[in-house]
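S.K.:
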Amino acid sequence: MLAILRPDIDEDSPEYKRTWEALQNLPGIELNVRTIQGEEHKLTEVYLLGNTQAVELDQIAALPAVQRVVRISQAYRVLGRQGDQQAETGFSYNGIEFSQDTLNVFPGLCAVDTPENVELMMKSLQALGHTTTRMGAYKPRTNPYSFQGHGKDCLPYVFELAGQYGIKVIAMEITHDSQIEEIDTALEQAGRPTGVMLQIGTRNSQNFELLKAVGRQQTYPVLVKRGFGITLNDSLNAAEYLASEGNANVIFCLRGMRTDFGAPHRNMVDFGHVPIIKRLTRMPVCIDPSHSVGDRAVAPDGILDIAHVTAQGVISGANMVLVDFHPQPVEALVDGPQALRLEELPRYLKDVDLAWDTYQQRRKIWATEA
Ligand code: PEP
Ligand code: MN
Numbered sequence: 005m006l007a008i009l010r011p012d013i014d015e016d017s018p019e020y021k022r023t024w025e026a027l028q029n030l031p032g033i034e035l036n037v038r039t040i041q042g043e044e045h046k047l048t049e050v051y052l053l054g055n056t057q058a059v060e061l062d063q064i065a066a067l068p069a070v071q072r073v074v075r076i077s078q079a080y081r082v083l084g085r086q087g088d089q090q091a092e093t094g095f096s097y098n099g100i101e102f103s104q105d106t107l108n109v110f111p112g113l114c115a116v117d118t119p120e121n122v123e124l125m126m127k128s129l130q131a132l133g134h135t136t137t138r139m140g141a142y143k144p145r146t147n148p149y150s151f152q153g154h155g156k157d158c159l160p161y162v163f164e165l166a167g168q169y170g171i172k173v174i175a176m177e178i179t180h181d182s183q184i185e186e187i188d189t190a191l192e193q194a195g196r197p198t199g200v201m202l203q204i205g206t207r208n209s210q211n212f213e214l215l216k217a218v219g220r221q222q223t224y225p226v227l228v229k230r231g232f233g234i235t236l237n238d239s240l241n242a243a244e245y246l247a248s249e250g251n252a253n254v255i256f257c258l259r260g261m262r263t264d265f266g267a268p269h270r271n272m273v274d275f276g277h278v279p280i281i282k283r284l285t286r287m288p289v290c291i292d293p294s295h296s297v298g299d300r301a302v303a304p305d306g307i308l309d310i311a312h313v314t315a316q317g318v319i320s321g322a323n324m325v326l327v328d329f330h331p332q333p334v335e336a337l338v339d340g341p342q343a344l345r346l347e348e349l350p351r352y353l354k355d356v357d358l359a360w361d362t363y364q365q366r367r368k369i370w371a372t373e374a
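Letter 33 of the sequence shown, counting from 1, is numbered 37 in the working numbering, and no numbers are missing.
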């Protein structure tokens, strides 16, 4: 059961104290409080865990600080919408807002290879006033003999360059919980010039111990990718693992599903699910057009398939785009065939802006009474 308290309720107010006391006296019920600082209001939610069948909804709804009570399903307890279409979504990290109403694009290197390429990438972003990127240091590879990423060795120059070029958030995949500390130490040593969003890859979406460890820390927000061969419900539960351990600053990323039917794309593009994730949960939704499409093919209209599917996701309200770029795609050590070139970055971002503007206009069309 979930008790949603009145917005901006003061914890020292008599209403709050009376409510809290009554909730604490419920037999066999454990309480779990979560506060969400939205753009305008602070929302406090109290989860009643245990044998809630014996608790009457009306009894809780009558408490002075309570605005509304809902019986919640077991699934997506924290991240789910629980039938509340109006609940605040999102969070702010290092000065950037992430919610179901914002859009942030993360163009960058699939895998860090050289300091020169990191610098070229970040320089291009800065020239366009862009402050978010992706940089892969730890790469999960299917083939054990493939390049596994430079790991912690590249972190000092990645973070230093990020600071130099005004990058505020870097999406970076981790494959083992020990890497959280490596990132934390390197950031600390560099004087925290930038922020990191920890990424859980599609292959680790059911690595429950990793999910729990990442969920236990609250310093870094998390981007969790949909598992490429499991149900949507299973993938959303992966996200809920993070939240259940304490970190609800989670973004869910669609990256295509593995099936032969998606060919010639690398994976079956699943961006039609953007509105579904937004309806089922409060998470901002990311799309990864690079790992979905997998190559630089161009349609007869002159537009890259990667740009086409990006626009398809953004026009449906996607909130984040994770996309591979490389100064010299043929030399990239990982996923070169799907990397866009730096000179394509301005056009790509312009195209994304257009799709986002169109999405806002689409919302207005559907908001008006027929
Ligand atoms: C990646 O983003 O670099 C990556 C490996 O993606 P995925 O986990 O979706 O395959
Ligand atoms: Mn990749």
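Heads up, the beta-carbon is just placed ideally off N, CA and C, and yes, glycines get one too.
Given this structure, state the Cα-to-Cα distance separating THR206 from ARG259, to the nearest angstrom.
M.R.: In the sequence shown, the residue the question calls residue 206 occupies position 202. In the sequence shown, the residue the question calls residue 259 occupies position 255. Cα to Cα, the separation comes out at about 8 Å.
S.K.: Using 8 Å as the threshold, is the region 285–296 in touch with the region 356–368, meaning 3 or more CB pairs across them?
M.R.: Output reads no: the region 356–368 does not touch the region 285–296.
S.K.: May I ask you to report which of helix, strand or coil DSSP gives VAL297?
M.R.: Numbered from its first residue, the sequence shown carries residue 297 at position 293. Helix, per DSSP.
S.K.: Can you tell me the Cα-Cα spacing of VAL122 and ASP299, whole angstroms?
M.R.: Counted from its first residue, the sequence shown places residue 122 at position 118. Counted from its first residue, the sequence shown places residue 299 at position 295. When rounded, the distance between both Cα atoms is 21 Å.
S.K.: Around the Cβ of ASP274, are there at least 16 other Cβ atoms within 10 angstroms (buried) or fewer (exposed)?
M.R.: Translated into positions along the sequence shown, residue 274 becomes position 270. Result: buried.
S.K.: When we look at the beta-carbon of ILE204 and count the other beta-carbons within 10 Å, is it buried (16 or more) or exposed?
M.R.: Here the question's residue 204 lines up with position 200 in the sequence shown. Burial call: buried.
S.K.: Count the other CB atoms, across all protein chains shown, that sit within 10 Å of the CB of TYR142; report buried if there are 16 or more and exposed otherwise.
M.R.: Numbered from 1 along the sequence shown, position 138 holds the residue referred to as residue 142. By the neighbour-count rule (16 or more Cβ atoms within 10 Å), TYR142 is buried.
S.K.: Going by DSSP in three states, GLN168 sits in which element: helix, strand or coil?
M.R.: Translated into the one-based positions of the sequence shown, residue 168 becomes position 164. GLN168 falls in the helix class under three-state DSSP.
S.K.: Closer than 6 Å is what we want: which residues have a beta carbon that near any heavy atom of the ligand MN? List them in chain order.
M.R.: Here the list is CYS114, HIS295, VAL338, ASP339.
S.K.: Output the distance between the C-alpha atoms of LEU18 and GLY32, rounded to the nearest integer angstrom.
M.R.: For the purposes of this step, residue 18 is taken as residue 14 along the sequence shown, with counting starting at 1. For the purposes of this step, residue 32 is taken as residue 28 along the sequence shown, with counting starting at 1. At residue 18 the sequence reads Pro, which differs from the Leu that was named. Near 25 Å, if we compare the C-alpha coordinates of GLY32 and PRO18.
S.K.: Rounded to whole angstroms, what's the CA-CA distance from ASN271 to ILE234? Just pull it up for me.
M.R.: The sequence position of residue 271 within the sequence shown is 267, counting from 1. The sequence position of residue 234 within the sequence shown is 230, counting from 1. Spanning the two alpha carbons is a distance of roughly 14 Å.
S.K.: Please tell me whether LEU61 and ARG75 are closer than 8 Å, where the distance is taken between their beta carbons.
M.R.: Along the sequence shown, read from residue 1 onward, the residue named residue 61 stands at position 57. Along the sequence shown, read from residue 1 onward, the residue named residue 75 stands at position 71. In this structure, ARG75 lies closer than 8 Å to LEU61 by Cβ.
S.K.: My output table needs one value for LEU308: the three-state DSSP class, helix, strand or coil.
M.R.: If you number the sequence shown from 1, residue 308 lands on position 304. It is a strand residue.
S.K.: Inspect the beta-carbon positions of ASP188 and THR223 and report whether they are closer than 8 Å.
M.R.: Within the sequence shown, residue 188 is the residue found at index 184, counting from 1. Within the sequence shown, residue 223 is the residue found at index 219, counting from 1. Yes, these two residues count as a Cβ contact at 8 Å.
S.K.: Could you have a look at GLY219 and say whether DSSP puts it in helix, strand or coil?
M.R.: For the purposes of this step, residue 219 is taken as the residue at position 215 of the sequence shown. Note: GLY219 maps to helix in three-state DSSP.
S.K.: Comparing the CB of LEU344 with every heavy atom of the ligand PEP, is any distance shorter than 7 Å?
M.R.: Position 340 of the sequence shown, counted from the start, is the residue given in the question as residue 344. It does not: the Cβ of LEU344 is nowhere closer than 7 Å to a heavy atom of the ligand PEP.
S.K.: For LEU358, does the count of other Cβ atoms within 10 angstroms reach 16, so buried, or fall short, so exposed?
M.R.: Taking the sequence shown and counting its residues from 1, one reaches residue 358 at position 354. Exposed: under 16 other Cβ atoms inside 10 Å.
S.K.: Nearest chain D C-beta to VAL297 closer than 8 Å, yes or no?
M.R.: Among the chains in the structure shown there is no chain D, since it carries only a single protein chain.
S.K.: If we call anything under 8 Å between Cβ atoms a contact, is GLY112 one with GLU101?
M.R.: The sequence position of residue 112 within the sequence shown is 108, counting from 1. The sequence position of residue 101 within the sequence shown is 97, counting from 1. No, these two residues do not count as a Cβ contact at 8 Å.
S.K.: Let's see if you can read the secondary structure: which residues bound the beta strand (DSSP E) around ASN108?
M.R.: Numbered from 1 along the sequence shown, position 104 holds the residue referred to as residue 108. Unbroken beta strand (DSSP E) run through ASN108: 108–112.
S.K.: Excluding the 5 residues preceding and the 5 following GLY250 in the sequence, name in chain order all residues of the same chain whose CB lies nearer than 7 Å to its CB.
M.R.: Sequence index remark: in the sequence shown, residue 250 carries index 246 (1-based). The residues are GLY219, ARG220, GLN222.
S.K.: Just checking ARG270 against the ligand PEP - is the residue's beta carbon closer than 7 Å to any of the ligand's heavy atoms?
M.R.: To locate residue 270, count along the sequence shown from 1; it is residue 266. Checking every heavy atom of the ligand PEP against the Cβ of ARG270, none is found closer than 7 Å.
S.K.: Is ALA242 near VAL226, with beta carbons less than 8 Å apart?
M.R.: Position 238 of the sequence shown, counted from the first residue, corresponds to residue 242. Position 222 of the sequence shown, counted from the first residue, corresponds to residue 226. Going by C-beta atoms, ALA242 is not nearer than 8 Å to VAL226.
S.K.: Taking DSSP as the reference, what is the three-state secondary structure of TYR245?
M.R.: Position 241 of the sequence shown holds residue 245. Three-state DSSP puts TYR245 in a helix.
S.K.: So the alpha helix (DSSP H) VAL37 belongs to, where does it begin and stop?
M.R.: Taking the sequence shown and counting its residues from 1, the one referred to as residue 37 is at position 33. Run containing VAL37: none in the alpha helix (DSSP H); it sits in the beta strand (DSSP E), 33–41.
S.K.: Within its chain, find whatever has a CB closer than 7 Å to the CB of ILE281; leave out the 5 residues flanking it on each side and keep chain order.
M.R.: Here residue 281 refers to the residue found at position 277 when the sequence shown is read from its first residue. Cβ neighbours of ILE281 beyond the five flanking positions: PHE256, MET287, VAL289.
S.K.: Given this structure, state the Cα-to-Cα distance separating ARG262 from PRO268, to the nearest angstrom.
M.R.: Taking the sequence shown and counting its residues from 1, the one referred to as residue 262 is at position 258. Taking the sequence shown and counting its residues from 1, the one referred to as residue 268 is at position 264. One C-alpha to the other measures close to 12 Å.
S.K.: In whole angstroms, what separates the C-alpha of ILE64 from that of PHE232?
M.R.: Stepping through the sequence shown from its first residue, residue 64 is reached at position 60. Stepping through the sequence shown from its first residue, residue 232 is reached at position 228. Cα-Cα distance, rounded: 41 Å.
S.K.: Using 8 Å as the threshold, is the C-beta distance between VAL50 and ALA247 below it?
M.R.: Counting from 1 along the sequence shown, the entry for residue 50 is found at position 46. Counting from 1 along the sequence shown, the entry for residue 247 is found at position 243. No, these two residues do not count as a Cβ contact at 8 Å.
S.K.: Using the DSSP secondary-structure output, state which residues sit across from THR136 in a beta bridge.
M.R.: Translated into the one-based positions of the sequence shown, residue 136 becomes position 132. DSSP lists VAL173 as partners of THR136.
S.K.: If you draw a straight line from the alpha carbon of LEU107 to that of MET324, how long is it in whole angstroms?
M.R.: Walking along the sequence shown from the start, residue 107 turns up at place 103. Walking along the sequence shown from the start, residue 324 turns up at place 320. C-alpha separation (whole angstroms): 5 Å.
S.K.: I need the DSSP call for GLY99, collapsed to helix, strand or coil.
M.R.: Within the sequence shown, numbered from 1, the residue matching residue 99 stands at position 95. Reduced to three states, the DSSP call for GLY99 is coil.
S.K.: Check for me: the beta strand (DSSP E) holding THR189 runs from which residue to which?
M.R.: Taking the first residue of the sequence shown as 1, we reach residue 189 at position 185. Not the beta strand (DSSP E): THR189 falls in the alpha helix (DSSP H), residues 182–193.
S.K.: From the DSSP output, read off the bridge partner residues of GLN342.
M.R.: Counted from its first residue, the sequence shown places residue 342 at position 338. DSSP lists no partner for GLN342.
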